Amino acid sequence: MAHLPHQTTDAVLPALPHPLPVARDTVATGPALPVRGNPPRRVVFHLGPTNSGKTHDALAALAAAGSGTYAAPLRQLAHEAYARLSAQLPPGAVGLSTGEEQIDPTAPILCCTVEKAPPRGELLVLDEAHWVTDPDRGHTWARLLLTGEYREMRVIAAAEALPVLEPLVADVAGVAVVRHDRLSRLDVLRAPVRPSGVRPRTLVVAFSHKAVYATAAVLEAVRPGRTGVLYGALPPATRREVIDRFTRGELDVLVTTDVIGHGINVPAATVLFAETTKFDGMERRPLRTWEAAQIAGRAGRYLLTGHGTVGVLTGVPGLRPDTALVAAGAAVARGTVASDLPQRTPRLRPELDDLGARTPVDLPGALARWARWARAATRHEAVTGDDVSGLVERAEALLPLLEGPVGASTDLETVWRLVTLPIDFDPPRRTRWLTLARAALLHGAGYRVPPQTVLPVRPRRGPVEDFEQAAAAARDAATLLRSFPGVAGLTAEDAAGLERQCAARITELLPRAIAAAGPGRCVDCGSPVAPRFPTCRACAAPGSRRGAPAGRGAPPARRREDAGGRRSGRTGAPRRETARRAGRG
Numbered sequence: 000m001a002h003l004p005h006q007t008t009d010a011v012l013p014a015l016p017h018p019l020p021v022a023r024d025t026v027a028t029g030p031a032l033p034v035r036g037n038p039p040r041r042v043v044f045h046l047g048p049t050n051s052g053k054t055h056d057a058l059a060a061l062a063a064a065g066s067g068t069y070a071a072p073l074r075q076l077a078h079e080a081y082a083r084l085s086a087q088l089p090p091g092a093v094g095l096s097t098g099e100e101q102i103d104p105t106a107p108i109l110c111c112t113v114e115k116a117p118p119r120g121e122l123l124v125l126d127e128a129h130w131v132t133d134p135d136r137g138h139t140w141a142r143l144l145l146t147g148e149y150r151e152m153r154v155i156a157a158a159e160a161l162p163v164l165e166p167l168v169a170d171v172a173g174v175a176v177v178r179h180d181r182l183s184r185l186d187v188l189r190a191p192v193r194p195s196g197v198r199p200r201t202l203v204v205a206f207s208h209k210a211v212y213a214t215a216a217v218l219e220a221v222r223p224g225r226t227g228v229l230y231g232a233l234p235p236a237t238r239r240e241v242i243d244r245f246t247r248g249e250l251d252v253l254v255t256t257d258v259i260g261h262g263i264n265v266p267a268a269t270v271l272f273a274e275t276t277k278f279d280g281m282e283r284r285p286l287r288t289w290e291a292a293q294i295a296g297r298a299g300r301y302l303l304t305g306h307g308t309v310g311v312l313t314g315v316p317g318l319r320p321d322t323a324l325v326a327a328g329a330a331v332a333r334g335t336v337a338s339d340l341p342q343r344t345p346r347l348r349p350e351l352d353d354l355g356a357r358t359p360v361d362l363p364g365a366l367a368r369w370a371r372w373a374r375a376a377t378r379h380e381a382v383t384g385d386d387v388s389g390l391v392e393r394a395e396a397l398l399p400l401l402e403g404p405v406g407a408s409t410d411l412e413t414v415w416r417l418v419t420l421p422i423d424f425d426p427p428r429r430t431r432w433l434t435l436a437r438a439a440l441l442h443g444a445g446y447r448v449p450p451q452t453v454l455p456v457r458p459r460r461g462p463v464e465d466f467e468q469a470a471a472a473a474r475d476a477a478t479l480l481r482s483f484p485g486v487a488g489l490t491a492e493d494a495a496g497l498e499r500q501c502a503a504r505i506t507e508l509l510p511r512a513i514a515a516a517g518p519g520r521c522v523d524c525g526s527p528v529a530p531r532f533p534t535c536r537a538c539a540a541p542g543s544r545r546g547a548p549a550g551r552g553a554p555p556a557r558r559r560e561d562a563g564g565r566r567s568g569r570t571g572a573p574r575r576e577t578a579r580r581a582g583r584g
């Protein structure tokens with residue numbers, strides 16, 4: 000195998016002496032750790048920091064093979080690989096499959112999100128494989144690496160992930176490691192940058208929707224019409240449009256959440272951190288150097304922008320980035336120091352055949368038994384059992400719906416498909432999942448389901464966030480309809496059409512929403528505050544005479560923090576009255 004200057008290759012590693020065994024349950028149901036009948040002949044790990052050519056080289060191998068799968072954690076990455084390979088290969092040679100869309104899914108080469116990856120094939124390119132430690136989705140990477148029956152695998156990851164990943168392919172005789180060096184220089188700016196000093200081709204990073212809009216509003220005042228925003232609640236089509244506008248030079252500055260750090264490639268010369276703390280679903284904490292590196296490494300794309308620079312942005316009220324943390328992240332992004340990538344043990348999630356359940360009523364208990372078995376069976380293995388409490392909650396939520404004719408016409412497999420439906424179960428979207436599941440059950444039992452129960456009506460007017468919520472509801476409907484076609488007389492394409500309409504309207508409204516957002520201010524006295532807080536410390540103090548005083552006997556006022564919406568896409572532009580007026584259609 001020829002090597003490029005940025006590559007070094009370790010000696011081929013022998014198979015580990017103790018591959019994962021088949022562990023049978025000695026109690027009753029007999030679940031087993033997953034194994035494959037036909038291990039790959041070869042696994043190649045492509046390891047290195049950001050912008051080191053790992054994905055480029057692995058995709059070149061896939062193009063040369065002419066058959067196989069590229070799997071990634073994000074739709075945007077699947078789209079990028081699809082576009083790149085389609086430009087190189089004949090028409091019909093490359094297909095696309097994500098949770099939202101399919102293009103020639105039976106083509107010889109398939110670019111997909113990891114959940115859509117086929118279990119076998121010629122060559123598997125598994126990108127961002129360090130996601131195997133992710134507590135929510137890592138089980139998909141673990142199962143694919145443990146059981147995927149491909150002739151060859153190319154596994155792309157940070158170098159620190161090798162100790163976690165290598166045991167998952169212990170049954171493979173030939174394992175090689177190709178180490179990649181960063182292809183462009185990455186410098187750290189010595190001084191903070193003020194909004195007036197932000198140059199074109201700059202990414203500015205903040206970690207909540209409100210912080211993104213507050214930062215964008217400050218920069219928009221300096222560069223009117225040349226500032227864009229990117230965050231998880233935007234529909235995929237809008238995100239692609241924003242990225243394309245930045246790539247074409249129509250936007251000078253892109254204010255983004257850490258979604259940009261998951262391998263999305265844009266021609267950015269500079270990355271500036273407006274803040275360096277984030278809410279991770281449990282608490283607000285400083286970024287890990289691993290997280291900072293994934294973002295900082297977006298600066299300076301090889302053959303696109305030359306060398307990159309990274310630093311901090313000041314001048315946004317309430318946001319105080321840590322320069323030392325950014326410098327530490329840049330060192331990791333250059334590959335000069337190791338990161339603090341969490342070394343979590345990969346998790347396995349059960350499949351229906353593993354549970355030994357016979358009826359839907361058995362599911363909660365069967366899941367609990369599997370969890371106990373998995374803890375014992377994986378005690379000395381490279382994997383551990385996944386937390387199945389969320390699956391138990393879903394199964395228990397469905398049981399009251401399975402009474403009478405609905406239960407009589409619903410089999411175990413249907414209930415399991417609903418339990419594992421990839422729709423957010425965290426509040427407040429839990430109600431949406433339950434509504435869609437009930438619609439599927441009623442449809443299966445022969446009842447008429449009103450279309451508006453599954454697919455909302457497109458908003459006629461409203462701010463950006465109203466259209467974001469409608470687009471998210473349409474995506475959920477499309478997810479349901481791909482597994483249960485015909486519910487309420489609808490198809491997945493009906494839902495996709497509504498999402499496209501909402502995405503188009505969001506694209507129109509974003510510039511006005513940015514201009515109207517403004518920096519964070521106390522709702523009582525108007526003084527500057529961090530965007531995540533509604534009030535300043537003085538107004539939030541018990542018995543404060545500023546703003547609304549606390550009444551006698553009332554509990555002390557607390558300065559509540561906006562958590563940033565997690566992943567549910569609950570918020571868009573801040574719900575200020577000026578933003579609502581400016582963003583209306």
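Letter 343 of the sequence shown, counting from 1, is numbered 342 in numbering that gives the first Met the number 0, and no numbers are missing.
Quick reminder that beta carbons are idealized off the backbone N, C-alpha and C, glycines included.
This structure is a prediction, so every number in the text was calculated from the model and none was measured.
Is it buried or exposed, residue 376, if we count other Cβ atoms within 10 angstroms and call 16 or more buried? Here residue 376 refers to the residue found at position 377 when the sequence shown is read from its first residue. Buried: at least 16 other Cβ atoms inside 10 Å.
For the segment 275–341, list the beta strand (DSSP E) runs that are entirely contained and at least 3 residues long, ordered along the chain. 276–278, 283–285 and 307–311
Return the Cβ separation of residue 458 and residue 487 in integer angstroms, given the expectation that the two are a contact with Cβ distance under 8 Å. Taking the first residue of the sequence shown as 1, we reach residue 458 at position 459. Taking the first residue of the sequence shown as 1, we reach residue 487 at position 488. Rounded, the Cβ-Cβ distance is 20 Å, inconsistent with contact.
Three-way DSSP call (helix, strand, coil) for residue 186 in this model: For the purposes of this step, residue 186 is identified with residue 187 of the sequence shown, where counting begins at 1. Three-state DSSP puts residue 186 in a strand.
Three-state secondary structure (DSSP) of residue 602: Only positions 0 to 584 of the chain appear in this structure, which leaves residue 602 out of reach.
Span of the beta strand (DSSP E), counted from its first residue to its last, around residue 597: An answer regarding residue 597 cannot be provided, because it is not within the stretch 0 to 584 covered by the chain.
Measure the alpha-carbon distance for residue 464 versus residue 71 and round it to whole angstroms. For this step, residue 464 is matched to residue 465 along the sequence shown. For this step, residue 71 is matched to residue 72 along the sequence shown. Answer to the nearest angstrom: the Cα atoms are 28 Å apart.
Taking all protein chains shown into account, do 16 or more other C-beta atoms lie within 10 angstroms of the C-beta of residue 281, making it buried, or fewer, making it exposed? If you number the sequence shown from 1, residue 281 lands on position 282. Residue 281 should be labelled exposed.
From residue 406 to residue 400, what does the alpha carbon distance come to, in whole angstroms? Position 407 of the sequence shown holds residue 406. Position 401 of the sequence shown holds residue 400. Those two C-alpha atoms are separated by around 7 Å.
Whole angstroms are fine: how far does the CA of residue 383 sit from the CA of residue 344? By 1-based counting over the sequence shown, the position of residue 344 is 345. By 1-based counting over the sequence shown, the position of residue 383 is 384. Those two C-alpha atoms are separated by around 7 Å.
Taking residue 317 and residue 530 to be in contact with their CB atoms under 8 Å, please state how far apart those CB atoms are, rounded to whole angstroms. Against the sequence shown, residue 317 aligns to sequence position 318. Against the sequence shown, residue 530 aligns to sequence position 531. The Cβ separation is near 6 Å, so the contact holds.
At least one CB of chain C closer than 8 Å to the CB of residue 167: is that the case? The chain inventory of the structure shown lacks chain C, comprising one protein chain alone.
Counting pairs of Cβ atoms below 8 Å between the segment 134–153 and the segment 94–107, do you hit three or more? no
Considering only residues of the same chain and omitting the five flanking positions on each side of residue 387, which have a CB-CB separation below 6 Å? For this step, residue 387 is matched to residue 388 along the sequence shown. Taken in chain order, the residues that qualify are 366 and 370.
Going residue by residue through the segment 66–95, where are the continuous alpha helix (DSSP H) segments of at least 4 residues, counting only ones entirely within it? 74–87
Going by C-alpha distance, which of 202, 403, 218 and 75 is nearest residue 518? As a first step, residue 518 must be located in the sequence shown, where it is residue number 519. Residue 518 has its Cα closest to that of 218, out of 202, 403, 218 and 75.
At the level of alpha carbons, what is the spacing between residue 499 and residue 461? As a position in the sequence shown, residue 499 is number 500, starting the count at 1. As a position in the sequence shown, residue 461 is number 462, starting the count at 1. Near 17 Å, if we compare the C-alpha coordinates of residue 461 and residue 499.
Would you identify the three-state DSSP class for residue 466, choosing helix, strand or coil? To locate residue 466, count along the sequence shown from 1; it is residue 467. Three-state DSSP puts residue 466 in a helix.
Is DSSP giving residue 221 helix, strand or coil here? As a first step, residue 221 must be located in the sequence shown, where it is residue number 222. Helix at residue 221.
Going by CA-CA distance only, name the one from 331, 398, 313 and 380 that's closest to residue 364. Your numbering for residue 364 matches position 365 in the sequence shown. Out of 331, 398, 313 and 380, 398 has the C-alpha closest to the C-alpha of residue 364.
Compute the Euclidean distance between the alpha carbons of residue 473 and residue 456, then round it to the nearest angstrom. Along the sequence shown, one-based indexing puts residue 473 at 474. Along the sequence shown, one-based indexing puts residue 456 at 457. C-alpha separation (whole angstroms): 9 Å.
Which partner residues does residue 255 have in the DSSP bridge list? Here residue 255 corresponds to residue number 256 of the sequence shown, with the count starting at 1. For residue 255, which the question treats as bridged, DSSP gives the partners 204 and 229.
Thinking residue 443 and residue 408 are a contact (beta carbons under 8 Å), I'd like their distance in whole angstroms, please. Counting from 1 along the sequence shown, the entry for residue 443 is found at position 444. Counting from 1 along the sequence shown, the entry for residue 408 is found at position 409. Rounded, the Cβ-Cβ distance is 6 Å, consistent with contact.
Look at the alpha carbon of residue 330 and the alpha carbon of residue 413, and state the distance between them as a whole number of angstroms. Here residue 330 corresponds to residue number 331 of the sequence shown, with the count starting at 1. Here residue 413 corresponds to residue number 414 of the sequence shown, with the count starting at 1. Answer to the nearest angstrom: the Cα atoms are 50 Å apart.
What three-state label does DSSP hand residue 456 in the structure shown? As a first step, residue 456 is located in the sequence shown; it is residue number 457 there, counting from the start. Coil.
Per DSSP, what kind of secondary structure is residue 588 in: helix, strand or coil? Residue 588 is absent from the model: the chain starts at 0 and stops at 584.
Taking Cβ to Cβ, would you say residue 476 is nearer than 8 Å to residue 494? The residue given as residue 476 occupies position 477 in the sequence shown. The residue given as residue 494 occupies position 495 in the sequence shown. Yes, the pair counts as a contact, with Cβ atoms nearer than the cut-off.
My output table needs one value for residue 139: the three-state DSSP class, helix, strand or coil. Counting from 1 along the sequence shown, the entry for residue 139 is found at position 140. In this structure, residue 139 counts as helix in the three-state DSSP scheme.
Continuous beta strand (DSSP E) stretch holding residue 44: start and end: Position 45 of the sequence shown, counted from the first residue, corresponds to residue 44. Here the beta strand (DSSP E) through residue 44 covers 41–46.
Could you check where the beta strand (DSSP E) with residue 120 kicks off and where it finishes? Reading the sequence shown from its first residue, position 121 is the one you call residue 120. Taken as a continuous stretch (DSSP letters only), the beta strand (DSSP E) holding residue 120 covers 119–125.
Sort 467, 245, 478 and 243 by Cα distance to residue 432 and report the nearest one. Indexing the sequence shown from 1 puts residue 432 at position 433. Minimum Cα distance to residue 432 is reached at 478.
Would you mind stating whether residue 178 and residue 61 have Cβ atoms separated by less than 8 Å? Residue mapping note: residue 178 aligns to position 179 of the sequence shown, counting from 1. Residue mapping note: residue 61 aligns to position 62 of the sequence shown, counting from 1. Contact: no.
In angstroms, rounded to a whole number, what distance separates the CA positions of residue 201 and residue 252? Within the sequence shown, numbered from 1, the residue matching residue 201 stands at position 202. Within the sequence shown, numbered from 1, the residue matching residue 252 stands at position 253. Distance between the alpha carbons of residue 201 and residue 252 is about 5 Å.
Based on the DSSP output, what are the partners of residue 102 in its beta bridges? The residue given as residue 102 occupies position 103 in the sequence shown. Residue 102 pairs with 95.
How would you label residue 528, buried or exposed, when you count the other beta carbons within 10 angstroms and need 16 or more for buried? Numbered from its first residue, the sequence shown carries residue 528 at position 529. Per the 10 Å Cβ criterion, buried.
Residue interval of the beta strand (DSSP E) (run including residue 271): Here residue 271 refers to the residue found at position 272 of the sequence shown. Element bounds for residue 271: 269–272.
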